[in-house]
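Q: Mind looking over this structure? Questions follow.
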Amino acid sequence: MRIERLEHENRRTQGLAQRALYQRLCPEHLRAVSHLLDCALAELPPHPRIAILGAGACTEIPLERLVPLARAIVLVDLDAAGMAEAITAVAHSEIGQSGDGRTLRRPTAVTADLTGGVSARLAARLDTLPWEAGQPPAEVLAAVAGALDATTVPDPSSAGPPATAGDGTLPSPGRFDLVISAIVLTQLFSLPLLDIVDRLHHIDPQLPLARDDDPVYQAAANRFRRRVALAHLHLLRALLAPGGVAIFLTDVVGHLLAPNSAIRPGQPLSPDLPKLASLTVLPSAVLALPADLLTDFSLVGVPRAWQGLAQAPQRGQPGRIFDLWGAVLRPLR
Ligand SMILES: C[S@@+](CC[C@H](N)C(=O)[O-])C[C@H]1O[C@@H](n2cnc3c(N)ncnc32)[C@H](O)[C@@H]1O
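With this note's numbering as the guide, the letters of the sequence shown map in order to residues 11 to 343.
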């Protein structure tokens, strides 16, 4: 399963070196996150309890700023090594006494699957399919679409926060003044869907391409994405204490940049950068922003859209940038 590779894969895209890259080539990304953080903190009493979902190495979340002001910080991710790196980075400078005499606590990490084990459930469904050599692609894809529809997505709005796969269980509901969804949403459904691509490729290397034009598969994939996305929003709401707010950060479109794209240090990324390809990772059919948030939340302040750099183009290799979207949300009760 792709989620099992996260700890390894994240090393290329997260951590102190990546944050230094943001600071040099894409400060707008860090500024946008800080702005939303300011907006959320202004809504909260002093010393909030904070949960950061999809925290990884907290590359874009300024943990060093949060430690002195928070009563408790819990990081949640499947990447235990990334979270340990984030905690170590603040351990030396920030743990001890705060200016007002409080003991500053080290953030804690919970290694847990935020979907409640969707990848494992889907894998179990796919294991039962009768894969046969020479089966017509439409038949294989219809069976996979059936497996997607039959995969349960635990949703806290129906039965409390999900039991989780991973070492830990998710933090208890109703405990946090601030819950941050740290650009994790699209991975929650994309990684199980990539497990399907891996299986199809194993049966017949042409099959993954066939799925692009298969309406039955595409419709089932979008229903699956939407169920996972709504369950995640319900998890944010469930984790919040009365009076709490959430910061929802997500990627929406990914772009591959031509290797010769010039990125100017300290400047916002130009909208005119030459793109080789673009992929909408969060289509509005899956989650309309902000319309689909307004069933459960009201917006605090104005949502923000910006671009972030995942990888700079270099030595003939394309770069990767993302269109990002973020908002501060207050649950409707
Ligand atoms: C794009 S990264 C977010 C950026 C991250 N906050 C950072 O420091 O760079 C997405 C994060 O979600 C985590 N993730 C993906 N799927 C997950 C799942 N099912 N449960 C928990 N964490 C998951 C990944 O390990 C990764 O750290």
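We put the beta carbon where it would ideally sit given N, CA and C, even for glycine. Please read these numbers as outputs of a predicted model, since none were measured by experiment.
1) Rounded to whole angstroms, what's the CA-CA distance from residue 321 to residue 32? Just pull it up for me.
2) Pick out the complete beta strand (DSSP E) segments inside the stretch 260-326, 3 residues or longer, and give them in chain order.
3) For residue 184 and residue 252, what's the separation of their Cα atoms in angstroms?
4) Taking 8 Å as the threshold, find out whether the stretch 216-229 comes into contact with the stretch 272-280 through three or more Cβ pairs.
5) Using beta-carbon positions only, say whether residue 217 and residue 147 come within less than 8 Å of one another.
6) Pull up the CB-CB distance for residue 249 and residue 164, whole angstroms please, since I reckon it's below 8 Å.
7) Cα separation between residue 100 and residue 333?
8) Report the option in 201, 246, 197 whose CA atom is closest to the CA atom of residue 166.
9) I'd like the span of the beta strand (DSSP E) that includes residue 191, first residue to last.
10) Which value, in whole angstroms, describes the spacing of the CA atoms of residue 235 and residue 160?
11) Across which residues does DSSP place residue 86 in a beta bridge pair?
12) I'd like to confirm the pairing. Which residues does DSSP put opposite residue 98 in its beta bridges?
13) In whole angstroms, give me the CA-to-CA distance for residue 344 and residue 72.
14) Quick one: Cα of residue 195 to Cα of residue 37, how far?
15) With respect to 7 Å, is the separation between the Cβ of residue 71 and the closest non-hydrogen atom of ligand 1 below this value?
16) Ends of the alpha helix (DSSP H) at residue 135?
17) Just verifying my parser: in three-state terms, what is the DSSP assignment at residue 179?
18) Please determine, among 289, 197, 297, 158, the residue with the shortest C-alpha to C-alpha distance to residue 66.
19) Determine which residues share a DSSP beta bridge with residue 257 and list them.
A: Let's see:
1) 10 Å
2) 285-290, 307-321
3) 7 Å
4) no
5) yes
6) With a Cβ gap of about 14 Å, residue 249 and residue 164 do not count as contacting.
7) 29 Å
8) Closest by alpha carbon: 246.
9) 186-192
10) 13 Å
11) 63, 120
12) Paired residues: none, contrary to the question.
13) In this structure the chain extends from 11 to 343, so residue 344 is not present and cannot be described.
14) Going by the C-alpha atoms only, they are around 22 Å apart.
15) Within the chosen limit of 7 Å, ligand 1 reaches the beta carbon of residue 71 through at least one heavy atom.
16) 128-137
17) Per DSSP, reduced to three states, the secondary structure at residue 179 is coil, with no helix or strand assignment.
18) 197
19) For residue 257, which the question treats as bridged, DSSP gives the partners 190, 338.
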